[in-house]
Structures are given as C-alpha cells and as structure tokens.
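These notes concern the structure reproduced below.
Number of protein chains: 2
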Amino acid sequence: MLGSHEHAHCIEDAIEAANRICDERGLRFTDLRRHVLELVWANHGSVKAYDLLENLDSEFSAKPPTVYRALEFLQENGLVHKISSLNAYVGCEHPLKHRDCFFLICSECNEVAECCGSNVAEALRDMATRQGFVPHHTTLEIEGTCQACQAAS
Amino acid sequence: MLGSHEHAHCIEDAIEAANRICDERGLRFTDLRRHVLELVWANHGSVKAYDLLENLDSEFSAKPPTVYRALEFLQENGLVHKISSLNAYVGCEHPLKHRDCFFLICSECNEVAECCGSNVAEALRDMATRQGFVPHHTTLEIEGTCQACQAAS
DNA sequence: TTACCAATGTAATAACATAACAAACATAAA
DNA sequence: TTTATGTTTGTTATGTTATTACATTGGTAA
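If you read the sequences in order, they're chains L and Z.
Here the first sequence stands for residues 79 to 231, where the numbers follow our numbering.
Here the second sequence stands for residues 79 to 231, where the numbers follow our numbering.
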C-alpha cells in the first residue's frame, strides 16, 4: 500500500498533466479520454481494459474499441503504461519526465510503483551496447512484495 | 540474425538438456512435450501458442489445452520462457544455468537473444532493496534492432 | 457552406488462455 | 497379475484480451 493520502489529488494531478500535454501538442483531451484516464487512476493498482469498459457508464457507448482507442491515445502520449505481464494498464506517475522507467508490482496489494532512471537504465544501455543491440523499447516489470505488505505479514 | 550455424544442433542440445533435466527430477519428458519443445526451437525467434497448435500434426490431438499444458511444463522446468510483450514463447538457451535473465528482441528479424547475469541483475536488486521491495519474478524484455539487422540496412 | 480530418459508434471476429471433466496410461503396492 | 493411484492427455466449452472494418458524428478551416 502507498501511505495513506488524499488519492483524489493523484487523479487531479494526472488530469491536469494530461490537459497540459494535450494542449502543448495540439491534441484533444476529450471527455472519453479524460474519463478513461480517471478510471485508470481510480487506484494505484493496474486496471484491465474490460474493467474500464464496465465502468464507462451510459455516458459512453462502451464497446471494446472505445476503450482500447482511448488507452492507445493515452499510452502514445505517455499518460498511461501497459503492464504486459498482467495485460493491464497503469497511470504514468510522471508524464513527460518519463524515460527508461520500470515497474514494481506487488502481488499482495496489487499496487504498482513506477521507477525511473537510476543505475538500472545505465546497466541496460551498457549491456545492449556490448551486444551491438539498439534498444527501442524496454519492458521491465518486477513482481514481488512491497514494503508495506511485508510489514503487514 | 544469428551467425549461420547448423541449427539442428540447437534443437538437439535443447532436447538433450531436457532429457537430462527431466531424468534428474523424475519427470516424464513425453512425446508431446518433446515435440512442443522441438517446435519452439524450430527457429531462434519466439513462437505463438496457436502456431504450435497448428504444427502439432495428427500425431497429437491438438487443442489449446494440449499446447498450453506442454508449455507450462516446459516453463516450470526452465526449458522455455514466455515473452510477455509478445504473447509468445522461446526456448531457454541455457537451462539450469538460468538466473536473472532477460531478452533482446529484434523487431526486424524477430530473433530473441537471452542474456544473463551481468550488472543489470545487480542494479535491479539494489534498486528493489532500496525500495524495500522483495522481488519474486522479473520480466525484462528489450525490443530493438540487433547488430546483424543494423549492418544489413 | 463545404470539405476535411479526427474521434467515436457499432458489429463482428480474431487472438490468447483456462476450467472442468473424461479417458488413457505408467508405476508401484498388494 | 491385478488393483490402486496419480499423472498425462483428450475433449468440450467458455473466458479473456484485442483488432478489423466500416458507419457516423463532430470540430475546424478554406
């Protein structure tokens, strides 16, 4: 668990960042996209596409493409990440500053923490370089137990 | 591409290793399991479960559970890895020696190279430790362009 | 207004994976 | 050898995740 906090702030911040980013890029942060982003941020865990679908109330005609298109837009603009090992999605904790990030996934409480930079990225670059490999995209997802959940057990 | 080589040797080696491992562990390396492992090793790319399904000829009754069970067995015994970002499977290049490994996936030629150890694993452990996170399983998959494909372009 | 492109609606289907139960088969104890 | 047991495979059905293709709507600028 994350420390107790006014989670509404997280959502607000995410929406604000999204507004700013779309503005800068001349993109439309539509009702649908905003709504999906809010749902993704409803908690600090990851969210499944079909759960989003169920929670897009009657305001939207919720068919799979509706959700996947919104997720695609949000991913392209760094507002959401896909967690491949879970087939699920999380809100990006620091859009724009985002580079070489990876995820700590607690399988007890299901929260996902996003980490950036550090020695890991460097070690990865070194390793790839030694192999003559040019990386485009890295998927780094670590499943385990977070600090809070260890303390609790 | 990997350098040209007698790929049949890779398959042979994989089967031999599998035989040895199953033997040591008192497990049954059945025809089905052997056949699936051979198909996984048919090339150095990753293979999709439903492609395996199509290629399990009439010798086996090929329904999805058939394939997924074989893959599960092979994964449990370190003979095959799943590539989450592709929903696909690759043969393990060094069963048993396998620890903290990760994958370089070339999106030009589709080959997958498995890497182990090195500073990366260490950096990951450090990072997790600093966060008080206890890792159980790491998914590390790097998509990019391999050396051979850069040279070719 | 028209023309255009982006966004969304809608239906169908593709791709990936598992549940639940039955049958076949190996192995070892009786 | 027979029986009992657990493992492996067969089979049907279904659950889950994601995309294709085409129609419609809506914003924006010529």
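Note that the Cβ used here is the ideal one computed from N, Cα and C, for glycine as well.
Item                                                                                                                        : Value
Residues in the region 202-221 of chain Z having any Cβ partner in chain L nearer than 7 Å                                  : Leu202, Asp204, Met205, Ala206, Gln209, Gly210, Phe211, Val212, Pro213, His214, His215, Thr216, Thr217, Leu218, Glu219, Ile220 and Glu221
Beta bridge counterpart(s) of Pro142/Z as assigned by DSSP                                                                  : BP columns for Pro142/Z are empty, so no partner.
Collapsed DSSP secondary structure at Ala232/L in the structure displayed                                                   : Beyond the ends of chain L as shown, which are 79 and 231, falls residue 232/L; an answer cannot be given.
Residue-level contact to chain Z via CB, Leu149/L, 8 Å cutoff                                                               : no
Beta-bridge partners of Ile220/L, as assigned by DSSP                                                                       : Leu182/L and Thr216/Z
The region 81-101 of chain Z in contact with the region 109-128 of chain Z per 3-pair CB rule at 8 Å                        : yes
Spatially closest choice to Ser196/L from Cys193/Z, Arg203/Z and Arg147/Z, by CA coordinates                                : Arg203/Z
Inter-stretch contact (C-beta, 8 Å, three-pair minimum) for the region 210-224 of chain L and the region 210-225 of chain Z : yes
Cys187/Z in three-state terms, based on DSSP                                                                                : coil
Residues near Ala191/L in its chain [Cβ-Cβ closer than 6 Å; skip 5 each side]                                               : Leu182
Neighbour list for Ser163/L in chain Z, Cβ cutoff strictly below 7 Å                                                        : Ser162 and Thr217
Check whether Val125/L and Tyr167/L have beta carbons under 8 Å apart                                                       : yes
Endpoints, beta strand (DSSP E) assigned at Val158/L                                                                        : Val158 to Ile161
Chain L contact for Cys193/Z (CB, 8 Å cutoff)                                                                               : yes
Proximity to Leu105/L [Cα-Cα], best of Leu130/L, Leu152/L, Thr144/L and His159/L                                            : Leu152/L
Cys193/Z, DSSP secondary structure in three states                                                                          : strand
Buried or exposed by the 16-neighbour rule on C-beta atoms within 10 Å, applied to His83/Z                                  : exposed
Neighbour flag for Cys170/Z against chain L, beta carbons, 8 Å                                                              : no
Contacts of Gln153/L in chain Z (Cβ-Cβ under 9 Å)                                                                           : Neighbours of Gln153/L on chain Z: none; closest Cβ ~13 Å, over 9 Å.
Close-in-space but distant-in-sequence residues of the same chain around Ala234/Z (CB under 6 Å, 5 per side omitted)        : No answer is possible for residue 234/Z: it lies beyond the span of chain Z, which begins at 79 and ends at 231.
Beta-carbon spacing of Cys187/L, Cys227/L below 8 Å                                                                         : yes
Cα-Cα separation, Glu154/L to Leu174/Z                                                                                      : 39 Å
Alpha-carbon spacing of Asp135/Z relative to Ala120/Z, whole angstroms                                                      : 15 Å
Contacts that Val198/L makes with chain Z (C-beta to C-beta distance below 8 Å)                                             : Val198, Ala201, Leu202 and Met205
Check whether Leu218/Z and Leu131/L have beta carbons under 8 Å apart                                                       : no
CB contact below 8 Å: Cys187/Z versus chain L                                                                               : no
In DSSP terms, what Tyr167/L is bridged to                                                                                  : Val125/L and Lys160/L
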